[in-house]
Amino acid sequence: MRVLVVTAVPVERDAVTRAFGGTPQILDVPGAELHRSGVFDVLAGGAGPAAAAAAAAFALASATGSAPGPYGLVVSAGIGGGFAPAPLGSLVVASDIVAADLGAETPDGFLPVTALGFGRDRFAPPPTLVREVAAATGASPGPVLTVSTVTGTAARTAALLTAYPGALAEAMEGFGVAEAAERAGVPVLELRAVSNTVGPRDRAAWRIGDALAALTEAFGKTGPVLEGWNRHDH
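Residues in the sequence shown are numbered consecutively from 1, following the numbering used here.
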């Protein structure tokens, strides 16, 4: 069985595949381009939960019944914003993948979709795998929020932390990837390298290059963990 890694953009995809060395084999699937290195298939599915869900779903469906077998694990990966005091260039592995803005605004504040009586607002990756990835990479385990609009104010940052205490990072794709994985019956993981601090936007302070380098290093360390975990029936 294979491991599917879904990033948002090509520079994140390439940061992941660099960890595996060599030149990846390039394969076409509907709506995307897979870069295959060993058992890892890495694709840039687009920004936001909808694009990520669609790309992951197409890749999962395309693999069904094909050699060398369908996927046993899906990973949402890339860079993201870290809630202070997360250091720039540090790593976060999601203990929970949370749809932070899926719900309704009310006079009393935001209600997640589950409080409205339908849908779900989070997925929990396998705890054993989260611990193994954290141990291998030094990543901090904790909730990672999926948002459709990147946070840009102190007020919004405070509101998110009030609603989701202990959140370590935010990104735009994890929940979409998790939705696709859940519907295919495949476990999901989310791994993020912190490129900026969540809050007022200060592009001069962002460290995208450092975060991409950290992502490459992380997959170099966690690749064997993911491959080994994927070989066993969990």
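Even glycine gets a Cβ: it sits at the ideal position worked out from N, Cα and C. Model, not experiment: these values are computed from the prediction.
So who's on the other strand from residue i, going by DSSP bridges?
i, result
"D14", "D14 is not bridged to any residue."
"P141", "V93"
"L34", "L27"
"G81", "E170 and N196"
"E190", "S76"
Along the beta strand (DSSP E) that carries residue i, what are the first and last residues, could you check?
i, result
"T7", "R2 to T7"
"F20", "F20 -> no beta strand (DSSP E), and no H or E assigned at all."
"F40", "F40 to A44"
For residue i, is the classification buried or exposed, using 16 other Cβ atoms within 10 angstroms of its Cβ as the cut-off for buried?
i, result
"D108", "exposed"
"D202", "exposed"
"P68", "For P68, the pLDDT reaches just 45, beneath the cut-off of 50, and the residue's location in the model is therefore unreliable, leaving the point undetermined."
"A115", "exposed"
"P24", "buried"
"T157", "buried"
"G228", "exposed"
"A63", "buried"
"D28", "exposed"
Would DSSP call residue i helix, strand or coil?
i, result
"V98", "strand"
"S76", "strand"
"E182", "helix"
"A205", "helix"
"G228", "helix"
"P68", "In this prediction, P68 scores a pLDDT of 45, lower than 50, which makes its location untrustworthy; no coordinate-derived value is stated."
Provide the residue span of the alpha helix (DSSP H) that contains residue i, from first to last.
i, result
"L60", "P49 to A63"
I'd like to know if residue i contacts chain D, where contact means its C-beta is closer than 9 angstroms to some C-beta of that chain.
i, result
"R156", "The displayed structure is made up of one protein chain only, and chain D is not part of it."
Notebook entry, point to check: Taking only runs of the alpha helix (DSSP H) that begin and end inside the region 101-176, which ones reach a length of at least 4 residues, in chain order?
Noted result: The region 101-176 contains, as complete alpha helix (DSSP H) runs of 4+ residues, the segments 127-137 and 154-163 (chain order).
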